[in-house]
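A quick write-up on the structure given underneath.
Shown next as structure tokens:
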């Protein structure tokens, strides 16, 4: 087995989003990782949010929901929600397999060779030959583009903008409650902002913090992946904006230019929220249109297959894609191993894998498209403000009526991520 990685080095690339790993995603990780590395995963997750609060863009609290505590890191449990930095999780996935990972290998195309083997070609002029090719090369997958040219990725609904602010800077401008939980700000124009503090068990020097237990401290100090990880305590923010934003602003908009654009969009908002955006580390600011895989019928299995966003793309999705990818990777690994042990053709194993993931992928894409459609309607110029006003009134009432509050709370469960995982 060999892994060919597009980034030039282990610590390269921007993997700044937070991934919310649900129970079944955690179980898939627990099944795939050595026990000590799974415990390291638990130890390197951020502190879970204590509550979910919804605010107006003037920072009036509309609704507050207490969130259940996640499982602790010491019990090996796969229950509850775990919030991980994508870069930290990347380093975990690369730990222990360093001898089979080749960096700086950007795939350009592949060819079927006589006898059924596959040759993969890379931008640096090199190539590799194997029995199975698994394309896990993201939403713009070149493997999918060549293998399933009819399976496109559609732009659907609003655009997403996100960035990070160092936690110490955010603490100077945000109310204390927003530093302890998952917060949603409902804009008058129908746009919405999500913030979540991501506080980890190590300091800026990579040393365990004084309050961290001995087991977690030992796992952090002995884990070599942390030396490649630039993750520090921060507040993550994500803004859903109208679809016109991604069409009128250049696709490459990032950094200071993106921060300035968001400042323009949020001009009527509370000064604390605008101050948060202004403090964004430009290196972490990025924008993307909402993308979802086009629905296609099952295809004839071969010894080429897809995984993760290359198979089913839902961007941004608060971690659902990561949970699905972990489960799919476990299924594929198990079926391929069984095929080799029993002398079955690997194509038969891949056919079973694709059958197991295709139906779930189509259902998830359909549900995600409906969600995006609702959000797109909420950001339309005329109906958006009307819907936003109605939503704010409904939230104020729900906060005072327990039965209605529970129903409304369920509508925000997707923001926690991993809700179906």
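Numbering (this note's numbering), first residue to last: 22 to 442.
Ideal Cβ placement from N, Cα and C applies to all residues, glycine included.
None of these values were measured; they are calculated from a predicted model.
TODO: Give the range of the beta strand (DSSP E) segment to which residue 44 is assigned.
DONE: Here residue 44 is taken as the residue at index 23 of the chain shown, counted from 1. First-last for residue 44: 44-53, but that is the alpha helix (DSSP H), not the beta strand (DSSP E).
Open item on the list: Rounded to the nearest angstrom, what separates residue 44 and residue 104 at their Cα positions?
Closed with: If you number the chain shown from 1, residue 44 lands on position 23. If you number the chain shown from 1, residue 104 lands on position 83. Distance between the alpha carbons of residue 44 and residue 104 is about 12 angstroms.
Task: CA-to-CA distance, residue 415 to residue 113, given in whole angstroms - done: As a first step, residue 113 is located in the chain shown; it is residue number 92 there, counting from the start. As a first step, residue 415 is located in the chain shown; it is residue number 394 there, counting from the start. Approximately 43 angstroms, taken between the alpha carbons.
- [ ] Ignore the nearest five residues each way along the sequence and tell me which others in residue 87's own chain have a CB closer than 8 angstroms to its CB.
- [x] Stepping through the chain shown from its first residue, residue 87 is reached at position 66. Cβ within range, chain order: 71, 72.
Open item on the list: In this structure, how does DSSP classify residue 261 when only helix, strand and coil are distinguished?
Closed with: Working through the chain shown from its first residue, we reach residue 261 at position 240. Strand.
TODO: Output the residue ranges of the beta strand (DSSP E) runs that lie fully inside the segment 124-201 and measure 3 residues or longer, sorted by chain position.
DONE: 128-133, 139-143, 148-151, 154-156, 174-187
Task: Meets three-Cβ-pair contact criterion under 8 angstroms: the segment 356-374 and the segment 285-295 - done: no
- [ ] Would you grab the beta carbon distance between residue 343 and residue 40 for me? Rounded to a whole angstrom, and I think it's under 8 angstroms.
- [x] Here the question's residue 343 lines up with position 322 in the chain shown. Here the question's residue 40 lines up with position 19 in the chain shown. Yes, residue 343 and residue 40 are in contact; Cβ-Cβ is about 5 angstroms, under 8 angstroms.
Task: Residues near residue 147 by beta carbon distance below 8 angstroms, same chain, minus five either side - done: Sequence index remark: in the chain shown, residue 147 carries index 126 (1-based). Answer for residue 147: 126, listed in chain order.
- [ ] Given a cut-off of 8 angstroms, decide if residue 228 and residue 122 are closer than it, judged by their beta-carbon atoms.
- [x] Counted from its first residue, the chain shown places residue 122 at position 101. Counted from its first residue, the chain shown places residue 228 at position 207. Cβ atoms of residue 122 and residue 228: not closer than 8 angstroms.
Task: residue 116 versus residue 182: straight-line alpha-carbon distance, rounded - done: Along the chain shown, one-based indexing puts residue 116 at 95. Along the chain shown, one-based indexing puts residue 182 at 161. Roughly 31 angstroms between the two C-alpha positions.
Task: Check whether residue 191 and residue 328 have beta carbons under 8 angstroms apart - done: Here residue 191 is taken as the residue at index 170 of the chain shown, counted from 1. Here residue 328 is taken as the residue at index 307 of the chain shown, counted from 1. Not a contact, by the Cβ cut-off of 8 angstroms.
- [ ] Apply the 10 Å Cβ neighbour rule to residue 223 and answer buried if 16 or more other Cβ atoms are within range, or exposed otherwise.
- [x] Reading the chain shown from its first residue, position 202 is the one you call residue 223. Residue 223 is buried by the Cβ-count criterion.
- [ ] Specify whether the segment 166-185 and the segment 304-311 touch according to this definition: at least 3 beta carbon pairs, one from each stretch, less than 8 angstroms apart.
- [x] yes
Task: Status (buried if at least 16 other CB within 10 Å, exposed otherwise) for residue 94 - done: The sequence position of residue 94 within the chain shown is 73, counting from 1. Since pLDDT at residue 94 reaches only 44, below the 50 mark, its modelled position is unreliable, and no value is offered.
Task: Through-space distance from residue 132 to residue 59, alpha-carbon basis - done: Indexing the chain shown from 1 puts residue 59 at position 38. Indexing the chain shown from 1 puts residue 132 at position 111. For residue 59 and residue 132, the distance between alpha carbons rounds to 37 angstroms.
Open item on the list: Taking the straight line between their C-alpha atoms, what separation do you get for residue 426 and residue 354?
Closed with: Numbered from its first residue, the chain shown carries residue 426 at position 405. Numbered from its first residue, the chain shown carries residue 354 at position 333. If I take the Cα positions, the gap works out to 43 angstroms.
- [ ] May I ask you to report which of helix, strand or coil DSSP gives residue 406?
- [x] Residue mapping note: residue 406 aligns to position 385 of the chain shown, counting from 1. Three-state result, residue 406: helix.
Task: Residue of 210, 48, 142, 249 minimising C-alpha distance to residue 225 - done: Mapped onto the chain shown, residue 225 falls at position 204. Measuring from the Cα of residue 225, the nearest candidate turns out to be 249.
Task: residue 359 and residue 322 closer than 8 angstroms at C-beta - done: Sequence index remark: in the chain shown, residue 359 carries index 338 (1-based). Sequence index remark: in the chain shown, residue 322 carries index 301 (1-based). No, the pair does not count as a contact, with Cβ atoms beyond the cut-off.
Task: residue 300 to residue 37 span [Cα, whole Å] - done: As a first step, residue 300 is located in the chain shown; it is residue number 279 there, counting from the start. As a first step, residue 37 is located in the chain shown; it is residue number 16 there, counting from the start. C-alpha separation (whole angstroms): 16 angstroms.
- [ ] Starting from the Cα of residue 263, find the closest Cα among 216, 143, 406 and give me that residue.
- [x] The residue labelled residue 263 in the question sits at position 242 within the chain shown. Of the candidates 216, 143, 406, the one whose C-alpha sits nearest the C-alpha of residue 263 is 406.
Open item on the list: Across the segment 27-35 and the segment 206-218, are there enough close Cβ pairs to call them in contact, namely three or more that are closer than 8 angstroms?
Closed with: no
- [ ] Please report how far the alpha carbon of residue 292 lies from the alpha carbon of residue 254, in whole angstroms.
- [x] What you label residue 292 is simply residue 271 of the chain shown in a count that begins at 1. What you label residue 254 is simply residue 233 of the chain shown in a count that begins at 1. Near 23 angstroms, if we compare the C-alpha coordinates of residue 254 and residue 292.
Task: Candidates 178, 419, 258, 378: closest to residue 296 by CA position - done: Your numbering for residue 296 matches position 275 in the chain shown. Residue 258 is the option with its Cα nearest to residue 296.
- [ ] Buried or exposed for residue 236, please, with buried defined as at least 16 other CB atoms from any protein chain shown within 10 angstroms of its CB.
- [x] Within the chain shown, the letter at position 215 stands for residue 236. The residue in question, residue 236, is exposed, as its Cβ has fewer than 16 Cβ neighbours within 10 Å.
Task: Contact check, residue 256 vs residue 216, beta carbons under 8 angstroms - done: For the purposes of this step, residue 256 is identified with residue 235 of the chain shown, where counting begins at 1. For the purposes of this step, residue 216 is identified with residue 195 of the chain shown, where counting begins at 1. Cβ distance < 8 angstroms, so residue 256 and residue 216 count as in contact.
TODO: Along the beta strand (DSSP E) that carries residue 87, what are the first and last residues, could you check?
DONE: Translated into positions along the chain shown, residue 87 becomes position 66. Looking at the DSSP string, the run of the beta strand (DSSP E) that includes residue 87 is 82-87.
Task: One or two residues paired with residue 336 in a DSSP bridge - done: Here residue 336 refers to the residue found at position 315 when the chain shown is read from its first residue. Residue 336 is bridged to 312.
Task: Neighbourhood of residue 111 by C-beta distance below 7 angstroms, restricted to the same chain and skipping five residues each side - done: Numbered from 1 along the chain shown, position 90 holds the residue referred to as residue 111. Cβ neighbours of residue 111 beyond the five flanking positions: 36.
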